[in-house]
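A short write-up of the structure that comes next.
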């Protein structure tokens, strides 16, 4: 498995970014939904701080991922009907938007609430907006609802990948799995070098 | 030689004033603030209710005195969560210790800087605290600016689970600006 993507599968760098961002977004989203019910305590402060640090890390990883994607390119699409291909690309674009919007909306929410923003106690980041109590509640709602919407799009993305894997038995999922070997390609146009 | 006699008379008349420093009343426009840090970012607060009696003369430090009482529940920092937590049992515990009290024990000169040494009673603990004093006479009154640092954990403010100074800074800088009128 090479670092770069080739004509058959994603490279290990692209795979790393894909799965680490998936884990970060999902884990941090669930973490965020669970933490809001806590009563005020030092643990709550630390748990919120960790949520923010992880969110910022996802944002940083996503920026690197985008840069790598631009440099590395992508393997050609697996053979499939045109509508599926279009849906897949639209879903990817939406997911990218949500991955970007999740941490940014959290950062904005934090700024409007007037809280400091620290990355793992190492350094502070500036607020995106001035403190505004009226808007901060709304920003919190938006931050939460963006996650629910992301889950809907993610369900489509993951569901389609599983459908291709188990029903179409093609390489759509395999070529992104960390340790899987791609199936011997069928002699279909677009799938050969 | 004959001019000496009136001078002595004047001096004698002035004696009662020389014995003690001047008393001032604290006027509106006076503020008592503090600065600390949370998650690497500093925040300012102030007390809305406090009282000070000030007797001060830079030339008569031995008889100068500050006596300050602060209503701890009147602390405001511009953040609802923080302002509701501050009077609570983990921080000031204002229900049990409604007031903080600072009284000077002595003044000393450190180079050109006047330092007021005193005892601060906060949350049931009494410990020495020193304040830097800048006194500027203005007309019949004066302005008095004092700054000092209070180590919050010395007094158990935010002890227990909140003692982690990597989250809540250990030092609280206290800053007071007093507008003084002659009494």
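Chains as they are written, first to last, in the working numbering: chain A, 742 to 934; chain B, 97 to 279. Positions of the beta carbon are idealized from the N, C-alpha and C atoms, including for glycine.
Residue range 783-813 is occupied by the alpha helix (DSSP H) that includes residue 809(A), with no beta strand (DSSP E) assigned at that position. When rounded, the separation of the alpha-carbon atoms in residue 803(A) and residue 830(A) is 18 Å. Against chain B, a Cβ distance below 7 Å from residue 786(A) picks out 263.
Using a CB distance cut-off of 7 Å, residue 814(A) does not count as an interface residue toward chain B. Within 7 Å of the CB of residue 252(B), no CB atom of chain A is found; the nearest one sits about 15 Å away.
Contact annotation for residue 783(A) against chain B: 257, 258, 260, 263 [CB-CB distance below 8 Å, chain order]. Residue 213(B) is bridged by DSSP to 202(B), 226(B). Between residue 169(B) and residue 183(B), the C-beta gap is smaller than 7 Å, which places the two residues in contact.
About 14 Å separates the CB atoms of residue 207(B) and residue 226(B); that is not less than 8 Å, and the two are not in contact. Taking the Cα of residue 270(B) as reference, the smallest distance to any Cα among 192(B), 130(B), 123(B) is reached at 130(B). Taking 7 Å as the threshold, the shortest C-beta distance from residue 138(B) to chain A does not fall below it. Only residues of its own chain outside the window of five on either side were considered, and among them 151, 279 have a CB closer than 7 Å to the CB of residue 119(B), listed in chain order. At least one beta carbon of chain B lies nearer than 7 Å to the beta carbon of residue 859(A). One thing to note: residue 173(B) has its Cβ no nearer than 7 Å to the Cβ of residue 220(B). Cβ neighbours of residue 902(A) within its own chain (closer than 8 Å, five residues either side excluded): 913, 914, 917. Per DSSP, the unbroken alpha helix (DSSP H) holding residue 886(A) starts and ends at 874-907. For the set 899(A), 755(A), 893(A), the Cα lying nearest the Cα of residue 809(A) is the one of 755(A). With contact defined as three or more Cβ pairs closer than 8 Å, the segment 774-790 of chain A and the segment 837-845 of chain A are not in contact. For residue 146(B), the pairing in a beta bridge is given by DSSP as 166(B). A residue is called buried once 16 or more other Cβ atoms fall within 10 Å of its Cβ, and residue 843(A) is buried on that count.
Within chain B, the residues placing a beta-carbon under 9 Å from that of residue 862(A) are 135, 136, 262, 263, ordered along the chain.
In this structure, residue 868(A) places its C-beta atom within 7 Å of the C-beta atom of residue 852(A). Note: residue 233(B) is bridge-paired with 238(B) in the DSSP secondary-structure output. Residue range 267-278 is occupied by the beta strand (DSSP E) that includes residue 277(B). In this structure, residue 167(B) keeps its C-beta atom at 7 Å or more from the C-beta atom of residue 192(B). Within the segment 761-772 of chain A, no residue places its CB atom closer than 7 Å to a CB of chain B. Taken through DSSP and simplified to helix, strand or coil, residue 777(A) comes out as coil.
Residues of chain A with a Cβ closer than 7 Å to the Cβ of residue 175(B) are, in chain order, 855.
The bridge partners DSSP lists for residue 172(B) are 142(B). Taking a Cβ-Cβ cut-off of 8 Å, the neighbours of residue 790(A) in chain B comprise 135, 263, given in sequence order. Apart from sequence neighbours up to five positions away, the residues of its chain that approach residue 272(B) with a beta-carbon distance below 6 Å are 128, 242, ordered along the chain. For a cut-off of 8 Å, the C-beta gap from residue 746(A) to residue 834(A) is around 18 Å, too long to register as a contact.
Just measuring C-alpha positions, the residue of 774(A), 788(A), 779(A), 812(A) sitting nearest residue 886(A) is 774(A).
In the three-state reduction of the DSSP assignment, residue 755(A) falls in the helix class, which pools H, G and I.
By the beta-carbon neighbour count (other beta carbons within 10 angstroms, threshold 16), residue 247(B) is exposed.
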